[in-house]
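Before any comments, here is the structure.
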Amino acid sequence: MPEVMFAGPDGRLEGRYHHSNQPNAPLALVLHPHPLHGGTMNNRITYAMYRSFEKMGFSVMRYNSRGVGRSQGRYDGGIGEISDAAAALDWMQMVNPNASGLWIAGYSFGAFVGMQLLMRRPEITGWISVAPPATYYDFGFLAPCPCGGLMIAGGKDDMAPEPAIHKLVDKLNTQKGVTVDYRVFADADHIFAKQADKVTAALEDHVTTAMAQRHMPLAAD
Numbered sequence: 004m005p006e007v008m009f010a011g012p013d014g015r016l017e018g019r020y021h022h023s024n025q026p027n028a029p030l031a032l033v034l035h036p037h038p039l040h041g042g043t044m045n046n047r048i049t050y051a052m053y054r055s056f057e058k059m060g061f062s063v064m065r066y067n068s069r070g071v072g073r074s075q076g077r078y079d080g081g082i083g084e085i086s087d088a089a090a091a092l093d094w095m096q097m098v099n100p101n102a103s104g105l106w107i108a109g110y111s112f113g114a115f116v117g118m119q120l121l122m123r124r125p126e127i128t129g130w131i132s133v134a135p136p137a138t139y140y141d142f143g144f145l146a147p148c149p150c151g152g153l154m155i156a157g158g159k160d161d162m163a164p165e166p167a168i169h170k171l172v173d174k175l176n177t178q179k180g181v182t183v184d185y186r187v188f189a190d191a192d193h194i195f196a197k198q199a200d201k202v203t204a205a206l207e208d209h210v211t212t213a214m215a216q217r218h219m220p221l222a223a224d
C-alpha cells in the first residue's frame, strides 16, 4: 500500500493508494472522520473499508484531508475538505483513465464530504455512507440524489442518531430511480468498536450486488 503525495487546493495531501492488477479496474475513494475529533486515514473503519475495496479488486485510495498527518493546510469547516476529496479523485482518475466505475465511501464526517462530492461528480457510480451525521449537517442538498447506495447506522449512536439517518433514507427513497440499501447495527455506537467486520461485510455485499446488477443488461445484449 504505497504512500502517495498529490497536489491539493491548499498544499500537498498525503494518501495511501493500492493499484489493482486488473485492467480498467473500478476506483474507490475512502474518506475519514472529522479531523478535529481525531479522524485520519488510519481510522479503523476507514482502513477496514479501504481493505474491502482492495480485496474486491478495486484501485483504492484513502488520504488525510488538509491539516491532518503530513497533509498541508488547515481545517476549513468542510468546504475545503470537499475540494480535497475532489483533488484526490482527480489524481486517481489521472492514474486510471479507463476505470470501469467509481465508488466513494465515507465514515461520519467523511460520509458528509463524500455525499457532497457525489453531487459534484456525475461519474460516481455508487456510494457508502457509514454513520452520516444527519443531525449536525443538512443533507437536503441530495435533491435529486444521482444514484442509490448503502447507508449504515448504529442503533446506539449518539453522534449520528439512527432516527435522523432513517429519516434521510426515507427521503432519498422517495426520489425517482434511487434505492438506498439501509442497514442498522442495533448494538453499534458511533465508534463501531465491535462492528468493523459487519461494516465490511455489508459493504462487500452491497457493492458486489450493485455491480452484478449493473452488468446484467450488458450480458443480455
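Those letters in the sequence shown? Residues 4 to 224, by this note's numbering.
Built from N, CA and C at the ideal position, the CB exists for glycine as well.
Quick caveat, the model's predicted, so the values are computed rather than measured.
With 16 other Cβ atoms within 10 Å as the buried cut-off, status of residue i
| i | result |
| --- | --- |
| Y139 | exposed |
| L34 | buried |
| D13 | buried |
| I168 | buried |
| H218 | exposed |
| M44 | buried |
| D87 | buried |
| G42 | buried |
Cα-Cα separation, residue i to residue j
| i | j | result |
| --- | --- | --- |
| L145 | V133 | 16 Å |
| R123 | V116 | 11 Å |
| G11 | D79 | 13 Å |
| D208 | A89 | 26 Å |
| Q178 | A205 | 23 Å |
| G18 | A91 | 9 Å |
| N176 | S74 | 37 Å |
| L121 | N99 | 19 Å |
| A114 | P136 | 8 Å |
| S141 | P5 | It should be noted that the sequence gives Asp, not Ser, for residue 141. Roughly 36 Å separates the two Cα atoms. |
| P147 | Y66 | 28 Å |
| R47 | H22 | 21 Å |
| W295 | L171 | This structure cannot speak to residue 295, because the chain is shown only from 4 to 224. |
| G83 | L16 | 12 Å |
| L32 | M118 | 12 Å |
| Y110 | G60 | 21 Å |
| S68 | F9 | 11 Å |
| K174 | D161 | 21 Å |
| P125 | V181 | 14 Å |
| Y192 | G81 | The sequence shown places Asp at residue 192, not Tyr. Roughly 23 Å between the two C-alpha positions. |
| Q96 | S55 | 20 Å |
| Y20 | L153 | 23 Å |
| L221 | D200 | Only weak support exists for where L221 lies, its pLDDT of 47 falling under 50; the value from the coordinates is given anyway. Straight-line Cα distance between these residues: approximately 32 Å. |
| G129 | E57 | 16 Å |
Beta carbon of residue i nearer than 8 Å to that of residue j
| i | j | result |
| --- | --- | --- |
| V202 | I155 | yes |
| I85 | A108 | no |
| V63 | Y50 | no |
| P3 | V7 | Only positions 4 to 224 of the chain appear in this structure, which leaves residue 3 out of reach. |
| G151 | V183 | yes |
| P36 | F112 | yes |
Any non-hydrogen atom of the ligand SAM within 7 Å of residue i CB
| i | result |
| --- | --- |
| I131 | No copy of the ligand SAM occurs in the structure displayed, which carries no ligand at all. |
Are at least three pairs of beta-carbons, each pair with one atom in the region 11-28 and one in the region 100-110, less than 8 Å apart?
Contact between the region 11-28 and the region 100-110 is present: three or more C-beta pairs spanning the two stretches fall below 8 Å.
Could you give the uninterrupted runs of the alpha helix (DSSP H) lying entirely in the region 29-71, keeping only those of 4 residues or more?
47-58
Counting Cβ pairs, one atom from each stretch, are 3 or more of them under 8 Å apart for the region 152-172 and the region 188-208?
yes
Just checking, does the region 191-198 make contact with the region 210-217 on the three C-beta pairs under 8 Å criterion?
no
Suppose only complete runs of 3+ residues qualify. What are the beta strand (DSSP E) ranges in the region 61-138, listed by chain order?
62-66, 105-110, 129-133
Could I get the ranges of all uninterrupted beta strand (DSSP E) runs contained in the region 162-207, with 3 residues as the minimum, in chain order?
183-188
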